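J.: Dropping the structure in here first, questions after.
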Amino acid sequence: MKDPKNKKPLLKKQILLILGPTGAAVLVLLVILLARSFAGKGDATTVSNDQPDTLEAESASAQPETQRFSEPVSLTVSMAGDCTLGKDEAFNYSTSLNAYYDMYGPTYFFQNVKSIFDADDLTVVNFEGTLTDSTERNGETFAFKAPAEYAEILTDGGVEAVNVANNHSHDYGDQGFADTKENLKNAGLITFGYNETALVDVKGVKVGLVGIYELHDHLEREYQLRVNIQKVQAEGADLVFVIFHWGNEKDTVPDENQVTLAKLAIDNGADLVVGHHAHVLQGVTTYKGKTIAYGLGNFCFGGNSSPSDMDTMIFQQTFTLGTDGSVTSEEPNLIPCRISSDYSINNYQPTPATGDEADRILQKIRDRSEGLG
8 MKDPKNKKPL LKKQILLILG PTGAAVLVLL VILLARSFAG KGDATTVSND QPDTLEAESA
68 SAQPETQRFS EPVSLTVSMA GDCTLGKDEA FNYSTSLNAY YDMYGPTYFF QNVKSIFDAD
128 DLTVVNFEGT LTDSTERNGE TFAFKAPAEY AEILTDGGVE AVNVANNHSH DYGDQGFADT
188 KENLKNAGLI TFGYNETALV DVKGVKVGLV GIYELHDHLE REYQLRVNIQ KVQAEGADLV
248 FVIFHWGNEK DTVPDENQVT LAKLAIDNGA DLVVGHHAHV LQGVTTYKGK TIAYGLGNFC
308 FGGNSSPSDM DTMIFQQTFT LGTDGSVTSE EPNLIPCRIS SDYSINNYQP TPATGDEADR
368 ILQKIRDRSE GLG
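Here you go:
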């Protein structure tokens, strides 16, 4: 089949042959006169209204493509705190998370919050521990590990992504950390943290996930924070969520380093900042219209069979991306929970609070949010 593009030059040649030299000269003169006539109607910045549809179409085609979505897209993200699956080798087995796993299987642990996580668009938790067979533990007081199949606790519970940058990620050394990431990924989970970022497609929205471990290095993590945010932005992230493992255990108020890093994250493009490590709830505030949740507390926490504070929460926020590329967010939805459905011990089954207990936990969060800038 012939290329249609070749028809126009051939047609022009045929016309010139039919007209002959004199006719061709007349034709050229007419073209020049017509060109001058149209040139007098306006310059390059003047647009005639004679053919608005054609001109608008040409103008639109000349513009770079900036519209990401044909209509606004909303997505809801859920964040929860420390998930330590497994135990320290010195723990009493009978009261450990492992004992509950052996009795009830992986679906037991998140069954009271699964409906919440299934209803959102993305669920992110902090995975604090290891999934490894390694026996070479580090010298810390507590070192947590579990078999690879414990990752099913998260996938069966509706979790999609996990931060692995925390002070228990290397409880069994570099090999234990490598095993953990491999086992989480093999279970279908997205991992991120330290220098590893993640870009997740959620309803067509590209969500960048950054995990920063602040302990010991504190503000020296500033460079890593900037680089990781820039990395996901360069990959096309529409939203950037930064997860910090920071602060001091049992502190109910964020320290100066937390405040500085949280604001720095937002200054560099984060749309949401969430933290953990204190094992207790900390306050929630805003900065430049972006939310900072300083501490989500424990969640499914195998690190203690009887903690003194069992209050926790699920943090939720809905973001909407407009057709013009704008990002708006709704007020956070704080779902008060307990880390256990049993009031006497930790049975490792996070459960939404109700009634007076829910009011008490929400008031605790409000009290700890006062004065935060």
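Quick note: to get my numbering, add 7 to the position in the sequence shown (first position is 1).
The beta-carbon is built from N, C-alpha and C at its ideal position, and this holds for glycine as well.
All values derive from a computational prediction rather than experimental measurement.
(1) Is D89 closer than 8 Å to H283 when the C-beta atoms are compared?
(2) Under 7 Å Cβ to Cβ from T114, same chain only, skipping five residues before and after it: list those, please.
(3) Write down every uninterrupted run of the alpha helix (DSSP H) in the region 63–117 whose length is 4 residues or greater and which is fully enclosed by it, in chain order.
(4) Out of Y179, I273, A365, N340, which one is the CA nearest neighbour of K87?
(5) Taking one C-beta from the region 185–203 and one from the region 144–161 each time, how about it: are there three or more such pairs within less than 8 Å?
(6) Might you give, ordered along the chain, the residues of its own chain that have their beta carbon closer than 8 Å to the beta carbon of E364, omitting 5 neighbours on each side?
(7) Assuming L276 contacts I236 (C-beta within less than 8 Å), just tell me the rounded distance between them.
(8) Using DSSP's beta-bridge definition, name the partner residues of L336.
(9) Give me, in chain order, the residues of the same chain whose beta-carbon lies closer than 8 Å to that of V38; leave out the 5 immediate sequence neighbours on both sides.
(10) Quick check on the DSSP output: what are the complete beta strand (DSSP E) runs of length 3 or more inside the region 241–285, in order along the chain?
(11) Return the CA-CA distance between V381 and V84, expressed in angstroms with no decimal places.
(12) For R233, which residues of its own chain have a beta-carbon under 6 Å away from its beta-carbon, when the five flanking residues on both sides are left out?
(13) Across which residues does DSSP place I197 in a beta bridge pair?
(14) Taking contact to mean 3 or more Cβ pairs, one atom from each stretch, closer than 8 Å, check whether the region 352–369 and the region 323–330 are in contact.
(15) Please report the residue range of the alpha helix (DSSP H) in which I372 lies.
(16) Just how far apart, CA to CA, sit L369 and A360?
(17) Would a C-beta distance cut-off of 8 Å place V239 and L206 closer than the cut-off?
(18) Touch check for the region 373–380 and the region 122–137: three-plus C-beta pairs under 8 Å?
(19) K213 by DSSP, collapsed to three states: which one?
(20) May I ask which residues mark the beginning and end of the beta strand (DSSP E) holding F149?
(21) D366: which of L268, T319, N255 sits nearest, CA to CA?
(22) On the three-state DSSP scale, how would you describe G381?
(23) A300 lies in the alpha helix (DSSP H); which residues open and close that run?
(24) According to DSSP, what are the bridge partners of E229?
(25) Would you please state the rounded distance, in angstroms, between the beta carbons of Q74 and T335? I believe it to be under 8 Å.
(26) Determine, for G254, whether the minimum Cβ-Cβ distance to residues of chain D falls below 8 Å.
T.: Looking at the atomic coordinates:
(1) yes
(2) D163
(3) 104–111
(4) Residue 87 is actually Ala in this sequence, not Lys. Nearest C-alpha to A87: N340.
(5) yes
(6) P343, R345
(7) A small correction: the amino acid at residue 276 is Gly; Leu does not occupy that position in the sequence shown. Confirmed, about 5 Å.
(8) In the sequence as presented, Leu is not what sits at residue 336; that position holds Ser. Bridge partners of S336: F326.
(9) Residue placement at V38 is flagged as unreliable, the pLDDT there being 39, under the threshold of 50; the coordinate-derived value follows with that caveat. None.
(10) 246–252, 279–283
(11) It is not possible to answer for residue 381, since the shown part of the chain is limited to 8 through 380.
(12) Once the five neighbours on either side are set aside, the close Cβ partners of R233 are N275.
(13) A168
(14) no
(15) Residues 362–376.
(16) 10 Å
(17) yes
(18) no
(19) strand
(20) Taken as a continuous stretch (DSSP letters only), F149 belongs to no beta strand (DSSP E), as it is neither H nor E.
(21) T319
(22) The structure shown has nothing for residue 381, since the chain only spans 8 to 380.
(23) In the DSSP assignment, A300 falls outside any alpha helix (DSSP H) and within the unbroken beta strand (DSSP E) covering 297–300.
(24) None; E229 has no bridge partner.
(25) Between T335 and Q74 the Cβ distance is about 17 Å, and since that is not below 8 Å, they are no contact.
(26) Within the model displayed, chain D is absent; a lone protein chain is all it includes.
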